[in-house]
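Quick note on our numbering: the sequence shown kicks off at 1 and runs consecutively.
I have placed the structure first, in the form of structure tokens, so that the comments after it can refer back to it.
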Amino acid sequence: LVLTVPPSSQPVPSPSFNSAIIMPQIVSSDGENTYELDASNAPSCCATSGLESKGLGQYSWPFVIDDDTCRGGRKFGSEQKVVDWARRYSKNYKGLCLIRGYYKNLDYLSSSAPPY
């Protein structure tokens with residue numbers, strides 16, 4: 001194990017939420033659904049109702065259905081719990097409004113999403 005110490009002339013970055021690593025994909029725990037970051041196509045409800053605006057542990061509506069509206073109304077402790085909830089209860093949401101933005105469902109089948 002080799003540890004390197006940055007020269008004193010270079011600043012050492014401090015961790016913060018804004019410098020969090022953006023995950024380009026997130027997968028359900030069973031490996032059956034994959035979501036990919038697609039911030040440029042985020043429905044407007046993500047900005048007002050999703051995890052990006054509400055945060056973890058607060059009531060949020062992170063599930064995007066066919067007509068680009070958000071559904072949910074639950075509290076989630078992690079993004080992974082949102083992904084796994086979507087897989088367990090519907091399997092076919094169009095996308096998810098997570099903390100780092102909108103993630104589209106790569107396994108999405110149009111017009112077969114749940115009505116809620």
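Glycine residues also receive a C-beta, built at the ideal position from the N, C-alpha and C atoms.
Among LEU37, GLY57, TRP61, nearest to CYS45 - alpha-carbon criterion: TRP61
Between the segment 80 to 97 and the segment 48 to 68, do at least 3 Cβ pairs fall closer than 8 Å? yes
Does the separation of the CB atoms of ALA47 and GLY101 fall below 7 Å? no
Report yes or no: do three or more beta-carbon pairs, one from the segment 26 to 36 and one from the segment 67 to 77, lie closer than 8 Å? Touching, no.
Beta strand (DSSP E) containing GLN25: first to last residue? GLN25 -> beta strand (DSSP E) spans 25 to 27.
With DSSP collapsed to three states, give me the class of THR69. coil
Which value, in whole angstroms, describes the spacing of the CA atoms of THR69 and ASP84? 20 Å
With DSSP collapsed to three states, give me the class of ARG87. Correct three-state label for ARG87: helix.
At a Cβ threshold of 7 Å, is CYS46 touching chain B? Among the chains of the structure shown, chain B does not appear; only one protein chain is present.
Taking the CB atoms as reference points, tell me whether TYR35 and TYR108 lie closer together than 7 Å. no
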